[in-house]
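All letters in the sequence shown, in the order written, are residues 736 to 1143 by my numbering. All C-beta atoms, glycine included, are put in the ideal place defined by N, C-alpha and C.
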Amino acid sequence: MATLNSAYRRLTAGYLFPEIARRTREFAAANPDASILRLGIGDTTEALVPAVVSAMQDAVTQLGDVSTYSGYGDSEGQTALREAIAALYQSRGADVKVEDVFVSDGAKSDSANLQQIFDVSNVVAVQDPAYPVYVDSNVMSGRSGTKNNQDQYEGLVYMPCTAENDFFPALPEEKVDLIYLCSPNNPTGAVASREQLQGFVDYALEHKAIILFDSAYAEFIQDPELPRSIFELPGARKCAIEINSFSKTAGFTGVRLGWCLVPTELECEDSEPGELHKMWTRRQNTFFNGASNVVQAGGIAALSDEGQAQCKELIAHYMENARIIREALESIGLECFGGENAPYVWMKTPAGIDSWSFFDKLLGECNVVGTPGSGFGPSGEGYFRLSAFGHRENILEATERIKTQLSL
Ligand SMILES: *Cc1c(COP(=O)(O)O)cnc(C)c1O
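Okay, here's the thing in structure tokens:
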């Protein structure tokens, strides 16, 4: 008799984005003439850069010729790609070795899968609001109880990030073991300073906790003083794992390619030296046969000098969108955060209305779709996210409607 994984039953309601899609579909059905603009889901919109396209075309051509055909590769990723990733970090003074790099099919899977090398009894801390995967995947793995009436899963530690603390959490007061940090942050667009991150590294070293650091938006940082990797900080190699991806930087959301850095020195309460790195190697060798070889060729090209220059232009496009959005919202008196070192603008809802009411209002009055802050955690209530991923004409049209049609 098979039985199901009852931890899944603790998950409440739907995932945020299906609910947005449902409300948008209903609105479109009721208002067939409305032209709806989507600044909701954080999905890239601009074409792959030429260096990536030609490298992937060449890789396909090689597979089509028996003399250059290749099958399975190393599950950790192609050496040339691991070297290029390590070199990117080293060029910025981050302490990363080639052996630390594990290539994957994306940061979402890594951020969930990495829990497997840690005991189910570990207490998980998350920024609140946060990318929903961290919470939901830990609930599914049995690291929480059910949701309480404060919209929090029992057993998880929520670290509030609001305007009052500049969207970076205080150090946990209770015992926590696995700490998810995302910088630049999705959804708030806030970036942790060196001092703020060092505080968490020191905490983790002292308590033998592990930081899971998601830097998927690192390339969007404009301010040279802000850290782009946790491995720029002393001590991080003993207590941190970093998760990153080509999705937002190189437009690989549909192509699929990411990586994580599990340092050879990583340690926790009961590990032998090097044991966590060996366990993650074993986990990947067992569960994963490696990222697509065609796609890895694209990743190597994205990290070449030519690819980097082209990706910088892509990022500049999205960051100009972010500037346009933020300027438009501020021009009508809305309070905004983020958007300066991240492709997300995080705004306070006007007149204290709740996040989902503002979603309906923006959709109804402007036919613009955004993301309710409460969908990212209880501390996101009263906030709203607008994404800078979009074609310029759509961003201009959406912001014009917001400026002229939103009733405040
Ligand atoms: C988009 C995003 C990712 C990227 O996930 P992929 O699976 O690599 O596409 C990772 N973390 C955060 C916070 C994101 O917003």
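Nearest Cα to Gly1108 within the set Ser770, Cys896, Asn857, Asn740: Cys896.
Short note on Asn873: C-beta not closer than 8 Å to any heavy atom of ligand 1.
In the structure shown, Thr1106 adopts extended strand secondary structure according to DSSP, grouped into three states. In the pairwise beta carbon analysis, the segment 960 to 973 is classified as not touching the segment 796 to 807: fewer than three pairs are separated by under 8 Å. Check the Cα spacing between Cys1101 and each of Thr1134, Arg1127, Gly1074: the tightest is with Thr1134. Under the DSSP assignment, Gln885 falls outside any beta strand (DSSP E); it carries neither an H nor an E label. In its chain, beyond the 5 residues on either side, Val836, Trp994 have a beta carbon closer than 6 Å to the beta carbon of Ile820.
No Cβ-Cβ contact shorter than 9 Å links Arg1061 with Val1103. Here the segment 1023 to 1040 makes no contact with the segment 1057 to 1077; the two share fewer than three CB pairs at distances below 8 Å. With respect to the C-alpha of Pro907, the residue from Thr923, Tyr743, Asp863, Tyr869 having the closest C-alpha is Asp863. Excluding five sequence positions before and after Cys917, the CB atoms of its chain that fall closer than 7 Å to its own CB belong to Gln862, Ala865, Tyr866, Asp949, given in chain order. Short note on Ser964: C-beta not closer than 8 Å to any heavy atom of ligand 1. Where Leu913 is concerned, the enclosing beta strand (DSSP E) starts and stops at 913 to 917. Of the residues assessed, Glu761 falls on the exposed side of the cut-off, its CB having fewer than 16 other CB atoms within 10 angstroms. Those residues that bring their Cβ nearer than 6 Å to a heavy atom of ligand 1 are Gly777, Gly841, Ala842, Lys843, Tyr866, Cys917, Asn921, Asp949, Ala951, Ser980, Ser982, Lys983, Thr988, Gly993. Nearest Cα to Pro998 within the set Phe1023, Leu992, Gln825, Arg972: Arg972.
The secondary-structure analysis by DSSP pairs Pro895 across a beta bridge with Asp863.
Going by beta carbons, Asn1024 and Ser810 fall inside the 9 Å limit. DSSP places Ala975 in no alpha helix (DSSP H) but in the uninterrupted beta strand (DSSP E) bounded by 975 to 980. Taken through DSSP and simplified to helix, strand or coil, Gly1025 comes out as coil. Each residue's CA atom was taken as its position, placing Leu1038 and Thr881 some 43 Å apart. Along the segment 1086 to 1132, the beta strand (DSSP E) occurs as fully enclosed runs of 3 or more residues at 1118 to 1122, listed in sequence order. Counting every other CB atom within 10 Å of its CB across the protein chains shown gives Glu1048 a total below 16, marking it as exposed. Straight-line spacing of the CA atoms in Leu961 and Gly1117 works out to 28 Å. With fewer than 16 other Cβ atoms from the protein chains shown falling within 10 Å of its own Cβ, Tyr750 counts as exposed.
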